[in-house]
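Let me begin by presenting the structure, written as structure tokens, before commenting on it.
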Amino acid sequence: MRLLEYRLGWKYSSAAIQESLASACGTRIDEKLYVFDYYDAVLEAIGKDLGIDFSRQSLTAQEIRHLLAHTKQRT
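Residue numbering for the sequence shown is 1273 to 1347, as defined by the working numbering.
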């Protein structure tokens, strides 16, 4: 958590980061489709730093796997 705070320039508290990440969950609509209904400034900042587009409301399972793999390679 502290590393993420550091990467975001100490702009957001660890509690705010934790709350935003906990709220960013996906709801399974179809076998391969998930809908994400939460987005805020903290997720926007995290997304810019990690290269993840949290503003997209729907993602397929394949796109989610690709994002996870891409994020693991960058960290």
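Note that beta-carbon positions come from the ideal geometry of N, C-alpha and C, so glycine has one too.
Contact annotation: residue 1331 and residue 1305 have beta-carbon atoms nearer than 9 Å. Residue 1298 carries a strand assignment under DSSP once its states are collapsed to helix, strand and coil. Taking a cut-off of 8 Å for Cβ pairs, the segment 1280-1293 and the segment 1307-1314 touch, as three or more such pairs fall below it. Excluding the 5 residues flanking it on each side, residue 1321 has same chain C-beta neighbours closer than 7 Å at 1279 and 1280, in chain order. Beta bridge pairing from DSSP links residue 1307 with 1299 and 1330.
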